[in-house]
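Engineer: Position 57, counted from 1, in the first sequence is what UniProt numbering calls 57; the numbers after and before it change by one each time, with no gaps.
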Amino acid sequence: MLSSSLLLTRLLQKQKKAMRKACCEKQDMNKGAWSKQEDQKLIDYIRKHGEGCWRTLPQAAGLLRCGKSCRLRWINYLRPNVKRGNFAEDEEDLIIKLHALLGNRWSLIAGRLPGRTDNEVKNYWNSHLRRKLLKMGSDPINHRPKHSIIPPPMAQTTCSVSTGATPSSLKVSNSPILQDRKGHGDERNCPKEVPDLNLKLTLSFQTSPPQARAEGEPKSTECHMSGGSHGEPSPTLLLFR
DNA sequence: AAGTGTGACAACCGCGATTGC
DNA sequence: CGCAATCGCGGTTGTCACACT
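#1: For a test of the three-state rule: what should DSSP assign to Asp186, helix, strand or coil?
#2: What's the gap between the Cα of Gly164 and the Cα of Gly137?
#3: Trp106 by DSSP, collapsed to three states: which one?
#4: DSSP on Pro58, reduced to helix/strand/coil?
#5: Considering only the beta carbon of each residue, do Leu78 and Ile109 sit closer than 7 Å?
#6: Buried or exposed: which applies to Ser35, given that a residue is buried once 16 or more other Cβ atoms fall within 10 Å of its Cβ?
#7: Is it right to say Leu102 is buried, meaning 16 or more other beta carbons lie within 10 angstroms of its own, or is it exposed?
#8: Applying the 10 Å Cβ sphere with the 16-neighbour rule, what's the burial state of Asn126?
#9: Over what stretch of residues does the alpha helix (DSSP H) that includes Ile75 continue unbroken?
#10: Residues in the same chain with beta-carbon distance under 7 Å from Leu63, minus the five sequence neighbours each way, listed in chain order, please.
#11: Would Gly115 pass as a contact of Lys83 if the rule is Cβ separation under 7 Å?
#12: Determine the DSSP secondary structure at Ser127, reduced to helix, strand or coil.
#13: Using the Cα positions of Asn30 and Arg65, report the straight-line distance between them to the nearest angstrom.
#14: Report the three-state DSSP secondary structure of Ile95 (helix, strand or coil).
#15: Determine the burial state of Lys97: buried for a count of at least 16 other Cβ atoms within 10 Å of its Cβ, exposed for fewer.
#16: Kindly give me the distance between the Cβ atoms of Gly67 and Leu57, rounded to whole angstroms, as I take these residues to be in contact under 8 Å.
#17: Would you give the residue range spanned by the alpha helix (DSSP H) that His49 belongs to?
#18: Rounding to the nearest angstrom, what Cα-Cα distance links Asp93 and Arg55 in this structure?
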């Protein structure tokens, strides 16, 4: 049970957070579509100085945009290797398979599609693929036939992911394969080869819980993704049970 | 021709995680 | 260790173009 002082501290933290100003709150900031001149300024600046420090970039580049907006514009449209245009059939297949595996982890999915960005994959999923799956009679959320008698999976599975150099944590929502395991408690299927993806999932129970895990927090199951078509470091999923 | 509906996509917003002091 | 700043992600919204009535 939490002490009253701890509760108070948490309340104050919450209030402070709520009071934090949004990065784009300045009134003289541009919003909306980017002009050609703005694009050119951003490209020129990044060519000269490289990516990074998005907070200070706009001022240094002479842009009336917030850093967040600059980053998004660069990553999604201005980067030299960004692929534009229609998705090929094999790209569609890959997205569908990866979505079945990872759920709405758009950045992870996009990471396996060279030249595609998370925003583009997400938009394409929402406008094309979701409808395509519905048309084919399967549920775009859990990738099962629409009238399957199998009960729906847990709404959300909490995971942490490490991709080698830069570990981060995530929540995997609507990830049918991961949820299947949770839902059915069948670890005999692991390691699991995911056909055509050159991905391999391995589930293994950790014998000792990670340090810093507070009492009462869930134990985790480790899930390795190996292989990968583009030679990236293999992410490790930790599935909490 | 005008009004309305729908799809596609660019951009914004909020939040959690990470980092640096 | 705690706090503030910053980054990155995913959900959502806004806007434009086109189709349909």
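Note that beta-carbon positions come from the ideal geometry of N, C-alpha and C, so glycine has one too. Bear in mind that the values here come from a model prediction, so they are computed numbers and not experimental data.
Structural biologist: Here's the rundown:
#1: Position 186 of the first sequence, counting from 1, holds the residue named residue 186. In this predicted model, Asp186 has a pLDDT of only 34, less than 50, meaning its place in the structure is not dependable; the value taken from the coordinates is given anyway. Asp186 falls in the coil class under three-state DSSP.
#2: One-based indexing of the first sequence puts residue 164 at position 164. One-based indexing of the first sequence puts residue 137 at position 137. Any reading at Gly164 must be qualified, since the residue scores a pLDDT of 33, below 50, and its modelled position is unreliable; the value itself is stated next. Gly164 and Gly137: Cα-Cα distance of roughly 38 Å.
#3: Against the first sequence, residue 106 aligns to sequence position 106. Assigned with DSSP and collapsed to three states, Trp106 falls in helix.
#4: Numbered from 1 along the first sequence, position 58 holds the residue referred to as residue 58. Pro58: helix per DSSP, three-state reduction.
#5: The residue given as residue 78 occupies position 78 in the first sequence. The residue given as residue 109 occupies position 109 in the first sequence. It is not a contact, given that the beta carbons lie outside the stated cut-off.
#6: As a first step, residue 35 is located in the first sequence; it is residue number 35 there, counting from the start. Per the 10 Å Cβ criterion, exposed.
#7: Counted from its first residue, the first sequence places residue 102 at position 102. Taking all protein chains in view, the Cβ of Leu102 is crowded by 16 or more other Cβ atoms within 10 Å, so the residue is classified as buried.
#8: By one-based count along the first sequence, residue 126 stands at place 126. Its Cβ having fewer than 16 others within 10 Å, Asn126 is exposed.
#9: Counted from its first residue, the first sequence places residue 75 at position 75. That residue, Ile75, is in no alpha helix (DSSP H); it is neither H nor E in DSSP.
#10: Start at 1 with the first residue of the first sequence, and residue 63 comes out as number 63. Closer than 7 Å at the Cβ level, and outside the excluded window around Leu63, lie Glu38, Lys41, Leu42, Cys70.
#11: Position 115 of the first sequence, counting from 1, holds the residue named residue 115. Position 83 of the first sequence, counting from 1, holds the residue named residue 83. Yes. Within cutoff.
#12: Walking along the first sequence from the start, residue 127 turns up at place 127. Correct three-state label for Ser127: helix.
#13: For this step, residue 30 is matched to residue 30 along the first sequence. For this step, residue 65 is matched to residue 65 along the first sequence. Whole-angstrom Cα-Cα distance: 5 Å.
#14: For the purposes of this step, residue 95 is identified with residue 95 of the first sequence, where counting begins at 1. It is helical.
#15: As a first step, residue 97 must be located in the first sequence, where it is residue number 97. Around the CB of Lys97, 16 or more other CB atoms lie within 10 Å, so the residue is classed as buried.
#16: Residue 67 sits at position 67 when you count from the first residue of the first sequence. Residue 57 sits at position 57 when you count from the first residue of the first sequence. Correct: roughly 6 Å between the Cβ atoms.
#17: On the first sequence, position 49 is the one that residue 49 refers to. In the DSSP annotation of this structure, the continuous segment of the alpha helix (DSSP H) that includes His49 starts and ends at 36–49.
#18: Here the question's residue 93 lines up with position 93 in the first sequence. Here the question's residue 55 lines up with position 55 in the first sequence. Straight-line Cα distance between these residues: approximately 37 Å.
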